[in-house]
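Since the structure comes first, as structure tokens, the remarks are kept for the end.
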Amino acid sequence: MKKFMIELSIIIKLITYQSLTISIITAIIKFSVAAYFFHKTGILHFNERDMFSSIKVGLSAGLPLGFGLWILNEIEKSRNDE
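Letter by letter, the sequence shown follows residues 8 to 89 of my numbering.
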């Protein structure tokens, strides 16, 4: 049971870290593009909808990425045990 809880905590950490990283990178890129257009036109096109979109993208990409990293780690562990 303890090993299951450790594995579950690792999966949750991987998914959380990957989701946060992708969300932050997406928000920075969207803000950078908006800042560039603000510099050119004088109008800033960045609002809370863009932030929620970044979070949604981060979650939808971070969930399978974190789970996939865990699966690859388990495969590597099983190969090393042989």
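All C-beta atoms in this analysis are idealised placements derived from N, C-alpha and C, irrespective of residue type, glycine included. Remember, it's a predicted structure, so these values are computed and weren't measured experimentally.
Anticipated Cβ contact below 8 Å, residue i with residue j, distance rounded
{"i": "I13", "j": "G73", "result": "The pair is not a contact, with the Cβ atoms about 16 Å apart (cut-off 8 Å)."}
{"i": "K84", "j": "D57", "result": "Not confirmed; about 40 Å, so no contact."}
{"i": "I17", "j": "W77", "result": "6 Å"}
Cβ pair residue i, residue j closer than 9 Å
{"i": "H52", "j": "A68", "result": "no"}
{"i": "F44", "j": "I50", "result": "yes"}
Three Cβ pairs or more, each shorter than 8 Å: is that satisfied between the segment 18-35 and the segment 49-65? Using a C-beta cut-off of 8 Å, the segment 18-35 makes contact with the segment 49-65, since at least three inter-stretch Cβ pairs fall below that distance.
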